[in-house]
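Notes to accompany the following structure.
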Amino acid sequence: MSPGLEYAVVRSHALISSLLTPDQMRNLALSETLDGFIRSLSETPYGVISIEAGGDPSIALEKIFYRKFIERMAGVVELAPGNIADFLRAYYYLRFEVLNLKRILRGKYSYMHPEQILESLIPIEPYLAGSFKALAEAESLERAVEMLRGTPYSKLMESMGLYRRLEAVWPLELALNHIYASTALRSLESLPHWDRVLVRWIVELETDVENLLAALKRRGLPPPAPLEELFPATFKIGLEELRMVMESKDLRSAISSLGPPYSEILSPIYEGDVALIRTRTRAHMYMAARRGRSLNDFGFNVIMAYLVFSEVEKSDLVGIAWGKAQKIPTEQILKYLVIPNI
Numbered sequence: 007m008s009p010g011l012e013y014a015v016v017r018s019h020a021l022i023s024s025l026l027t028p029d030q031m032r033n034l035a036l037s038e039t040l041d042g043f044i045r046s047l048s049e050t051p052y053g054v055i056s057i058e059a060g061g062d063p064s065i066a067l068e069k070i071f072y073r074k075f076i077e078r079m080a081g082v083v084e085l086a087p088g089n090i091a092d093f094l095r096a097y098y099y100l101r102f103e104v105l106n107l108k109r110i111l112r113g114k115y116s117y118m119h120p121e122q123i124l125e126s127l128i129p130i131e132p133y134l135a136g137s138f139k140a141l142a143e144a145e146s147l148e149r150a151v152e153m154l155r156g157t158p159y160s161k162l163m164e165s166m167g168l169y170r171r172l173e174a175v176w177p178l179e180l181a182l183n184h185i186y187a188s189t190a191l192r193s194l195e196s197l198p199h200w201d202r203v204l205v206r207w208i209v210e211l212e213t214d215v216e217n218l219l220a221a222l223k224r225r226g227l228p229p230p231a232p233l234e235e236l237f238p239a240t241f242k243i244g245l246e247e248l249r250m251v252m253e254s255k256d257l258r259s260a261i262s263s264l265g266p267p268y269s270e271i272l273s274p275i276y277e278g279d280v281a282l283i284r285t286r287t288r289a290h291m292y293m294a295a296r297r298g299r300s301l302n303d304f305g306f307n308v309i310m311a312y313l314v315f316s317e318v319e320k321s322d323l324v325g326i327a328w329g330k331a332q333k334i335p336t337e338q339i340l341k342y343l344v345i346p347n348i
């Protein structure tokens with residue numbers, strides 16, 4: 007282990023111990039109001055948090071939690087050896103940029119005001135996409151996609167025919183998933199082979215689940231294009247499994263036949279609960295990082311585990327903030343959290 011890696015691993019162990027515990031997260035979720043949640047946060051490492059009056063408090067809090075995660079990620083990047091630092095920077099900035107591009111495209115599709123779109127974005131600087139502001143202010147979704155020519159997102163143009171034919175944004179989101187997965191997996195080549203396993207598993211799981219959700223939307227409908235065009239990136243769930251999910255008359259049988267972890271992750275679809283599917287995906291990512299750390303407690307897996315745990319913590323806090331802002335019952339909020347239920 008290089009001296010730089012050794013120090014980054016030791017620091018990551020210490021940083022993991024500073025994350026919120028399941029009991030702390032549960033107690034935050036048990037806060038009776040949004041103000042109570044913010045007050046309770048002041049007793050954690052997050053400290054005193056203030057948000058401006060008048061705006062959407064859940065969006066303001068989401069930005070705070072994302073900034074905290076990005077701050078943590080940047081801190082690890084500063085400590086890690088060059089190849090690991092370069093990978094983490096590329097992986098996470100790409101990951102969040104793709105989320106922002108999805109929000110921009112959904113906003114353009116829904117004719118949202120550019121200021122509303124910009125307000126909804128994760129607070130990062132553009133990584134490969136040019137200007138988020140220019141994209142949000144584009145006169146149309148089509149123009150926004152055209153503005154991505156010459157960037158790694160140019161392949162979105164290939165999905166515009168499907169977008170127009172279906173009058174739906176999901177083909178563009180699948181194309182972004184493909185760009186994210188292929189770029190992230192290529193960036194893994196800078197790491198030793200044994201350090202690639204955990205990240206590869208996470209990227210492939212996320213992509214497979216998103217493909218399955220898209221296939222579920224098309225159940226009972228004729229495919230609007232060849233499956234390889236609809237799903238350009240597939241991993242453990244291939245085109246035949248996706249076809250089965252789309253065409254099977256027995257949904258439970260189709261989902262069950264996928265086997266673990268997909269059959270367990272997808273089972274909330276029987277009640278139409280996509281949000282719980284995403285929660286279960288995050289839970290499997292969390293557990294995979296925990297297993298990876300236990301298998302190699304002195305290497306890259308510890309750094310990656312800290313960042314996965316931090317990202318899941320961020321998502322749980324965003325979920326609590328949104329739930330409290332919407333006055334959702336506590337038991338319902340807890341259902342969609344990962345850390346209190348691990």
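Okay, so the sequence shown: first residue is 7 according to this note's numbering, each after it adds one. Ideal placement from N, C-alpha and C gives every residue a C-beta, glycine not left out. Only a predicted model underlies this, so the values are computations on that prediction, with no experimental measurement involved.
In terms of residue numbering, what span does the alpha helix (DSSP H) encompassing Trp200 cover? For this step, residue 200 is matched to residue 194 along the sequence shown. Premise fails: Trp200 is in no alpha helix (DSSP H) and is neither H nor E.
What separation, rounded to the nearest whole angstrom, lies between the Cα atoms of Lys108 and Tyr276? Locating residue 108 in the sequence shown gives position 102, where the first residue counts as 1. Locating residue 276 in the sequence shown gives position 270, where the first residue counts as 1. Their backbone Cα atoms lie some 26 Å apart in a straight line.
Let's test the definition: count the other Cβ atoms within 10 Å of the Cβ of Val82 and tell me whether it reaches 16, buried, or not, exposed. Locating residue 82 in the sequence shown gives position 76, counting from the first residue. Classification of Val82: buried, given that the 10 Å Cβ count is 16 or more.
Any beta strand (DSSP E) of 3 or more consecutive residues that is wholly inside the segment 260 to 344: none
At which residue ranges does the segment 82 to 169 contain complete alpha helix (DSSP H) runs of 4 or more residues, listed in the order of the chain? 88 to 115, 120 to 125, 138 to 142 and 147 to 152
Of the residues Ile123, Ala140 and Leu111, the one placed nearest Leu162, counting alpha carbons only: In the sequence shown, the residue the question calls residue 162 occupies position 156. Of the candidates Ile123, Ala140 and Leu111, Leu111 places its Cα closest to the Cα of Leu162.
Would you call the segment 327 to 339 in contact with the segment 86 to 93, where contact means no fewer than 3 C-beta pairs closer than 8 Å? no
If you measure between the beta carbons of Met252 and Arg224, is that distance less than 8 Å? Residue numbering aside, residue 252 sits at position 246 when the sequence shown is read from its first letter. Residue numbering aside, residue 224 sits at position 218 when the sequence shown is read from its first letter. Their beta carbons are under 8 Å apart, which means Met252 touches Arg224 by this criterion.
Please check if any C-beta of chain D sits within less than 8 Å of the C-beta of Ser316. Protein chain content of the structure displayed is limited to a single chain, and chain D is not contained in it.
By the three-class DSSP mapping on this structure, what secondary structure does Thr27 have? Locating residue 27 in the sequence shown gives position 21, counting from the first residue. Coil, per DSSP.
Could you have a look at Val215 and say whether DSSP puts it in helix, strand or coil? On the sequence shown, residue 215 is found 209 positions in, with the first residue counted as 1. Helix at Val215.
Quick one: residues in its chain with C-beta nearer than 7 Å to the C-beta of Pro28, no 5 flanking neighbours on either side, listed in chain order? Translated into the one-based positions of the sequence shown, residue 28 becomes position 22. Here the set comprises Ile345, Pro346 and Ile348.
Reduced DSSP category for Gly61 - H, G, I as helix; E, B as strand; rest coil: Position 55 of the sequence shown, counting from 1, holds the residue named residue 61. Gly61: coil per DSSP, three-state reduction.
Can you grab the Cα-Cα spacing for the pair Gly136 / Gly329, in whole Å? Here residue 136 is taken as the residue at index 130 of the sequence shown, counted from 1. Here residue 329 is taken as the residue at index 323 of the sequence shown, counted from 1. Distance between the alpha carbons of Gly136 and Gly329 is about 33 Å.
Just checking, does the segment 124 to 144 make contact with the segment 66 to 76 on the three C-beta pairs under 8 Å criterion? yes
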